[in-house]
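Enquirer: Residue 170 in UniProt numbering sits at position 170 of the sequence shown, and the numbers go up by one each step.
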Amino acid sequence: MRSLQICVVFVILGSSLAYENKTVIQYLIDHHYSTFVRLLQDTHLDEVLKGSGPFTVFAPTNAAFAKLNPNILSMLTSNPNKLAELLKYHVVQEFKLMAVVSGTVNEVSLQGHTIKIEKNGTALLVNDVARIQNKDIVVANGVIHEIDSVLLPSFIVTESIAEIIIKDDKRFKDLALALAITNLTQLLESGDYTLFAPTDEAFRTVTHIFQLSTAQLKAILLNHVVPTGRTIEQINSGDHLQTQQGLSLTVTKNAGAVLVDSASVTDRNIMASNGVVHVINKVLVPTGI
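#1: With DSSP as the reference, label V265 as helix, strand or coil.
#2: Quick one: Cα of A162 to Cα of N69, how far?
#3: In whole angstroms, what is the alpha-carbon distance linking A123 and A272?
#4: Work out the CA separation of Q245 and E65 for me, nearest whole Å.
#5: Does DSSP put S248 in a helix, a strand or coil?
#6: Going along the chain, which residues of its own chain have a beta-carbon closer than 8 Å to the beta-carbon of Q5, five neighbours each way excluded?
#7: Who are the near neighbours of L217 in its chain, counting only those whose CB is closer than 8 Å to its CB and skipping five residues on each side?
#8: If we require 3 or more residues per run, which beta strand (DSSP E) segments fall completely within the UniProt domain "FAS1" (20–151)?
#9: Residues bridged to F196 by DSSP?
#10: Answer with buried or exposed for T243, where buried requires no fewer than 16 other C-beta atoms within 10 angstroms of its C-beta.
#11: Between which residues of its own chain and A130 is the CB-CB distance below 8 Å, once the five residues before and five after are set aside?
#12: At what residues does the beta strand (DSSP E) containing L241 begin and finish?
#13: Would you kindly work out how many angstroms separate the C-alpha atoms of K67 and N81, rounded to a whole number?
#14: Which residues does DSSP list as the beta-bridge partners of A272?
#15: Are the stretch 36–53 and the stretch 113–120 in contact at 8 Å, needing three or more beta carbon pairs?
#16: Would you verify that the beta carbon of L222 is, or is not, closer than 8 Å to some beta carbon of chain B?
#17: Would you identify the three-state DSSP class for K167, choosing helix, strand or coil?
#18: Can you confirm whether the stretch 194–209 touches the stretch 218–235 when touching is taken to mean that 3 or more C-beta pairs between the two stretches lie within less than 8 Å?
#19: How many angstroms separate the CA atom of D168 from the CA atom of K22?
#20: Does DSSP put A202 in a helix, a strand or coil?
#21: For T214 versus F172, is the C-beta distance shorter than 8 Å?
#22: Just to check, is the beta-carbon of V139 closer than 7 Å to a non-hydrogen atom of the ligand NAP?
#23: In angstroms with no decimal places, state the Cα-to-Cα distance between V206 and L40.
#24: Start and end of the alpha helix (DSSP H) containing L217?
#25: Roughly how many angstroms separate the alpha carbons of V143 and N274, rounded to a whole number?
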């Protein structure tokens with residue numbers, strides 16, 4: 001039946017289509033998709049793509065993964081369930097050729113969320129961000145479309161550091177207020193940062209904090225922001241992290257516990273679109289304030 005479907009496709013669309021007598025996963029292994037293949041193998045989804053299908057796979061190249069925010073990739077590889085969801089989002093369990101696409105079409109992914117495909121002139125875009133740069137590679141159990149960006153749906157990572165702080169009003173109401181007072185919210189909406197985020201309980205231990213001048217409060221907050229997003233695993237014990245205030249924070253790791261100066265990290269590796277948030281139990285007040 002699968003061979004008959006492929007023959008019909010070639011009769012209708014002509015011989016310009018590429019065809020290889022391999023499964024999806026065999027083709028990916030043999031070409032420049034080693035990162036995608038490794039992640040599929042890590043989540044055992046390679047076994048799915050060895051099946052009868054038919055599958056349509058939007059396959060990010062190694063270059064596509066190379067330009068992905070490394071913090072997002074680190075978060076995904078440390079969370080196999082979320083990684084599997086992301087990978088399934090790149091697969092449609094039907095045979096879909098791009099040669100017949102006109103205008104905008106929506107396809108339901110193996111993960112369950114919708115993928116938008118749009119033809120604009122000769123360009124084919126997926127979710128408005130990923131360009132299909134090699135389409136309609138027909139294989140024994142489906143078709144592959146090579147894309148130049150990893151598809152990052154909203155259920156993976158979309159919120160900035162600022163949005164995470166503002167939305168989590170059970171822990172960060174005081175921090176959100178302090179950021180607003182000092183006009184620092186915008187700083188944490190983009191860029192690439194690590195934020196050590198004190199909880200409301202931590203703020204309550206510094207009873208005079210909202211009586212300080214705006215400049216003093218800003219200096220305190222900037223002492224919690226480090227350029228470049230880093231997971232806890234990317235920070236070594238003994239590292240001195242230079243903050244946006246120009247001061248240094250010392251990280252100590254011991255038997256699983258992590259200290260930033262004297263503050264304990266109570267929740268780690270909250271991934272944002274522009275970096276990482278680590279929750280701490282103390283406000284890091286610079287000397288002299």
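We put the beta carbon where it would ideally sit given N, CA and C, even for glycine.
Expert: Taking the coordinates as given:
#1: By one-based count along the sequence shown, residue 265 stands at place 265. If DSSP states are grouped into helix, strand and coil, V265 belongs with the strands.
#2: Here the question's residue 162 lines up with position 162 in the sequence shown. Here the question's residue 69 lines up with position 69 in the sequence shown. Taking the straight line joining both Cα atoms gives about 17 Å.
#3: If you number the sequence shown from 1, residue 123 lands on position 123. If you number the sequence shown from 1, residue 272 lands on position 272. Cα to Cα, the separation comes out at about 30 Å.
#4: Taking the sequence shown and counting its residues from 1, one reaches residue 65 at position 65. Taking the sequence shown and counting its residues from 1, one reaches residue 245 at position 245. Reading off the sequence, residue 65 comes out as Phe, not Glu. Taking the straight line joining both Cα atoms gives about 33 Å.
#5: The residue given as residue 248 occupies position 248 in the sequence shown. S248: strand per DSSP, three-state reduction.
#6: Mapped onto the sequence shown, residue 5 falls at position 5. Bear in mind that the predicted position of Q5 carries a pLDDT of just 48, short of 50, making it unreliable; the figure below should be weighed with that in mind. Excluding residues within five positions, the ones whose Cβ falls inside 8 Å are P54, F95.
#7: Here residue 217 refers to the residue found at position 217 of the sequence shown. Taking L217 as the centre and dropping the five residues before and after it, the same chain places the C-beta of A178, I181, T182, I209, F210 closer than 8 Å to its C-beta, in chain order.
#8: As for any beta strand (DSSP E) of minimum length 3 sitting wholly inside the UniProt domain "FAS1" (20–151), the runs are 55–60, 104–108, 114–120, 123–126, 130–139, 142–147, ordered along the chain.
#9: Here the question's residue 196 lines up with position 196 in the sequence shown. Residue pairing from DSSP places F196 in a beta bridge opposite H278.
#10: Residue 243 sits at position 243 when you count from the first residue of the sequence shown. Around the beta-carbon of T243, 16 or more other beta-carbon atoms lie within 10 Å, marking it buried.
#11: For the purposes of this step, residue 130 is taken as residue 130 along the sequence shown, with counting starting at 1. If we look at A130 and ignore the five residues flanking it on each side, its Cβ neighbours are F58, P60, A64, I147, D148, S149, V150, L151.
#12: Looking up residue 241 in the sequence shown gives position 241. Where L241 is concerned, the enclosing beta strand (DSSP E) stretches over 240–242.
#13: Indexing the sequence shown from 1 puts residue 67 at position 67. Indexing the sequence shown from 1 puts residue 81 at position 81. One Cα belongs to K67, the other to N81, and the distance between them is close to 22 Å.
#14: Within the sequence shown, numbered from 1, the residue matching residue 272 stands at position 272. Looking at the DSSP assignment, A272 forms a beta bridge with G275.
#15: With contact defined as three or more Cβ pairs closer than 8 Å, the stretch 36–53 and the stretch 113–120 are not in contact.
#16: Protein chains in the displayed structure number just one, and chain B is not present.
#17: Sequence index remark: in the sequence shown, residue 167 carries index 167 (1-based). The answer is helix: DSSP assigns K167 an H, G or I state.
#18: The stretch 218–235 vs the stretch 194–209: in contact.
#19: Locating residue 168 in the sequence shown gives position 168, counting from the first residue. Locating residue 22 in the sequence shown gives position 22, counting from the first residue. Cα to Cα, the separation comes out at about 48 Å.
#20: Here residue 202 refers to the residue found at position 202 when the sequence shown is read from its first residue. Here A202 sits in helix by DSSP.
#21: The sequence position of residue 214 within the sequence shown is 214, counting from 1. The sequence position of residue 172 within the sequence shown is 172, counting from 1. Here T214 is not near F172, since their CB atoms are 8 Å or more apart.
#22: In the structure on display, the ligand NAP does not appear, and there are no ligands present to speak of.
#23: Here residue 206 refers to the residue found at position 206 when the sequence shown is read from its first residue. Here residue 40 refers to the residue found at position 40 when the sequence shown is read from its first residue. V206 and L40 have their C-alpha atoms spaced approximately 48 Å apart.
#24: For the purposes of this step, residue 217 is identified with residue 217 of the sequence shown, where counting begins at 1. Counting along the chain, the alpha helix (DSSP H) containing L217 begins and ends at 214–222.
#25: As a first step, residue 143 must be located in the sequence shown, where it is residue number 143. As a first step, residue 274 must be located in the sequence shown, where it is residue number 274. As the crow flies, the alpha-carbon of V143 is around 34 Å from that of N274.
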